[in-house]
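Here's the structure, in structure tokens; my notes come after.
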Amino acid sequence: MITKDITQSTFPKKLVALPTSCNDVVYYPAKLADLAIEETYTVFQTLSQKSGLSYLVVTQPRTAKIVLAGSKVLINEVYHSIPWPTYKIADGDNKFTYKESPSLQALEDYFIQLKEQ
1 MITKDITQST
11 FPKKLVALPT
21 SCNDVVYYPA
31 KLADLAIEET
41 YTVFQTLSQK
51 SGLSYLVVTQ
61 PRTAKIVLAG
71 SKVLINEVYH
81 SIPWPTYKIA
91 DGDNKFTYKE
101 SPSLQALEDY
111 FIQLKEQ
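Residue 1 in full-length UniProt numbering sits at position 1 of the sequence shown, with consecutive numbering throughout.
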């Protein structure tokens with residue numbers, strides 16, 4: 001799910017801002033940062049309202065980073081091809097979907113392999 005309708009007020013005080021390469025800021029639930037601290041690493045897709053670019057983002061200890069940028073169709077395809085379990089964070093009517101990597105090493109290996117293709 002592309003998080004095109006998420007704004008800073010969607011999950012009040014529970015969002016982390018992530019600057020993008022298109023000079024925008026996208027937001028993701030702080031729970032994903034908490035999971036990274038607990039050594040659970042995630043992947044999610046998000047959309048810049050300013051540029052229309054979609055981003056594939058990974059969480060790692062103390063950081064989140066954009067690993068791929070492109071069209072909504074491309075990022076959605078790549079995201080759905082990731083073979084890890086999908087989870088949702090819900091806050092009322094708002095939902096945020098993400099995938100959990102089995103380990104930090106699996107996360108790094110997956111994206112190294114993806115970039116080599």
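Ideal Cβ positions, reconstructed from N, Cα and C, are used throughout, including at glycine.
Item                                                                                                                 : Value
If you reduce the DSSP assignment to three classes, tell me which class Ile37 lands in.                              : helix
CB Leu104 to CB Tyr41, shorter than 7 angstroms?                                                                     : yes
Return the residue from the list Thr86, Lys50, Ala64, Gly52 that minimises the CA-CA distance to Ile37.              : Ala64
Quick check on the burial criterion: 16 or more other C-beta atoms within 10 angstroms. Buried or exposed for Lys99? : buried
Do residue 206 and Val57 have their C-beta atoms closer together than 7 angstroms?                                   : With the chain represented from 1 up to 117, any question about residue 206 goes unanswered, as that position is not in the structure.
In the DSSP assignment, find the beta strand (DSSP E) that holds Lys72 and state where it starts and stops.          : Element bounds for Lys72: not the beta strand (DSSP E) but the alpha helix (DSSP H), 72–81.
Rounded to a whole number of angstroms, what is the C-alpha to C-alpha distance between Phe11 and Asn94?             : Its pLDDT being 45, under 50, Phe11 is placed unreliably by the model, and the measurement read from it follows with that caveat. The straight-line gap from Cα to Cα measures roughly 8 angstroms.
Can you look up Gln45 in the DSSP assignment and give me helix, strand or coil?                                      : strand
Using a beta-carbon distance below 7 angstroms, is Thr46 in contact with chain C?                                    : As a matter of chain content, chain C is missing from the structure shown, which is built from one protein chain.
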